[in-house]
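J.: As numbered in the working numbering, residues 33 to 119 make up the sequence shown, in order.
Every residue, glycine too, gets a C-beta built ideally from N, C-alpha and C.
This one's a predicted model, so the numbers in the text were calculated from it and none came from an experiment.
Let me give you the structure first, and then I'll get to my questions.
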Amino acid sequence: MAQLPIKCPSCQNTLEVSELSCAHCETKISGTYGLPALMQLSIEDQEFILEFVLTGGSLKKMATQLGKSYPTVRNKLDDIIEELNSK
């Protein structure tokens, strides 16, 4: 399945959702809706957060699974937190 684009291919600004539709009954809802904060992260950062949740929030487990040091994984999480706080 294709990834949902989050940046404009022309100017790199964050995209907004303008229409949602139901595949079952074909109802369409139009408007302007911002993307949730987690969806505005890069795919790599979204995958990191998903792994963080799936490991029960254990950076130690993540470091082992990723083959990286604990401080490296902690720094990555801190960078993501900083980015989310700036949105």
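(1) Take the Cβ of Leu36 as the centre, count every other Cβ of all protein chains shown within 10 Å, and call the residue buried at 16 or more, exposed below.
(2) Enumerate in chain order the residues of its own chain whose CB-to-CB distance from Cys40 is below 7 Å, with the five nearest sequence positions on each side excluded.
(3) Using a 10 Å radius around the Cβ and a threshold of 16 neighbouring Cβ atoms, would you call Val105 buried or exposed?
(4) Evaluate Ile75 with the Cβ neighbour count: other Cβ atoms within 10 Å of its Cβ, from every protein chain shown; 16 or more gives buried, anything less gives exposed.
(5) Distance check for Val85 and Ser50, CA to CA, integer angstroms please.
(6) Going by Cα to Cα distance, which pick from Lys119, Gln97 and Gln78 is closest to Leu109?
T.: Quick look at the numbers:
(1) Leu36 comes out exposed.
(2) Taken in chain order, the residues that qualify are Leu47.
(3) Residue environment analysis places Val105 among the buried positions, since at least 16 neighbouring C-beta atoms fall within 10 angstroms of its C-beta.
(4) The residue is exposed, with fewer than 16 neighbouring Cβ atoms inside 10 Å.
(5) Rounded to the nearest angstrom, the two C-alpha atoms are 29 Å apart.
(6) When only C-alpha atoms are compared, the closest one is Gln78.
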